[in-house]
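*Asks:* Structure incoming, see below.
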Amino acid sequence: SQKKVNDDSYLWPEKEEAAKEIFTLMKDSGIDYIHTTEPELTAPAFQGSASLAMLAKKYSDLPVIANGGVTDGQIASTAINNNHADLVAIGKSALANQNWPAQVQQGSPLVPFNFEMLSPIANLACALRYFETQQEVMT
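Structure (C-alpha cells):
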C-alpha cells in the first residue's frame, strides 16, 4: 500500500514512476508474488492511472493478490475479470461474514462490517460475543 496508517490520503509523490521503481525492485529481489492493499482495489492509484494492483502486475510480471473495499462478490469478480489481480483477499467483509464465499455464491445478504465487532480488542472471542448479541437483538 502507498497509504500510511496515520495518513490514508497519502500518495507516492513520484506517482507511477515510484510504482515502476518499487515493483521492479520487488521483482528483482526474487519474491514470488505481490500483495497490494488500497481502500478500493480497482480504483486508480493516481489520477488517470491504473489501480495499484494493475501497476504491480505491469511492472513486476508477478502474480498479484489485491485487497481493499471488497464488500461483495461483484467487486471481487470485476477485479479478477478486468485483470486488476490474480487473487482477491477479503478483509473486513470476511470478518463480518465468516462464510463469505458461500454467502456470495448463494446470493445471501452480507452483513456490513462494524468496528464494534472487534471491540474492545480484535480477537475471535469479541467477534463471537458481538454476533451473539446481534442475534439476541434480532430475536
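Counting with my numbering, you get residues -19 to 119 for the letters of the sequence shown. Think of the CB as a built atom: it goes at the ideal place given N, C-alpha and C, for glycine as much as any other residue.
P24 and G48 look like a contact to me (Cβ under 8 Å); what is the Cβ gap, rounded to whole Å?
*Replies:* Not a contact, Cβ separation roughly 13 Å.
*Asks:* Are the beta-carbon atoms of V50 and V68 separated by less than 8 Å?
*Replies:* Yes.
*Asks:* Need the endpoints of the beta strand (DSSP E) that K17 sits in, please.
*Replies:* According to the sequence displayed, residue 17 carries Thr and not Lys. Where T17 is concerned, the enclosing beta strand (DSSP E) stretches over 14 to 17.
*Asks:* Based on the DSSP secondary-structure assignment, which residues constitute the bridge partners of P24?
*Replies:* BP columns for P24 point to S31.
*Asks:* Which residue's Cα is closest to the Cα of L21: Q85, Y39, Q27, L32?
*Replies:* When each option's Cα is compared against that of L21, the closest is L32.
*Asks:* Output the distance between the C-alpha atoms of I2 and Q115, rounded to the nearest integer angstrom.
*Replies:* Using only the alpha carbons, I get a separation of about 46 Å.
*Asks:* Which one of Q27, M34, N(-14) has the shortest CA to CA distance from N61?
*Replies:* Taking only the C-alpha atoms, the option nearest N61 is M34.
*Asks:* Rounded to whole angstroms, what's the CA-CA distance from G28 to L108? Just pull it up for me.
*Replies:* G28 and L108: Cα-Cα distance of roughly 42 Å.
*Asks:* Along the beta strand (DSSP E) that carries I45, what are the first and last residues, could you check?
*Replies:* Run containing I45: 44 to 47, per the beta strand (DSSP E) assignment.
*Asks:* Note down, in chain order, each residue of its chain lying with its Cβ closer than 8 Å to the Cβ of L5, except the 5 sequence neighbours on either side.
*Replies:* No residues qualify anywhere along the chain.
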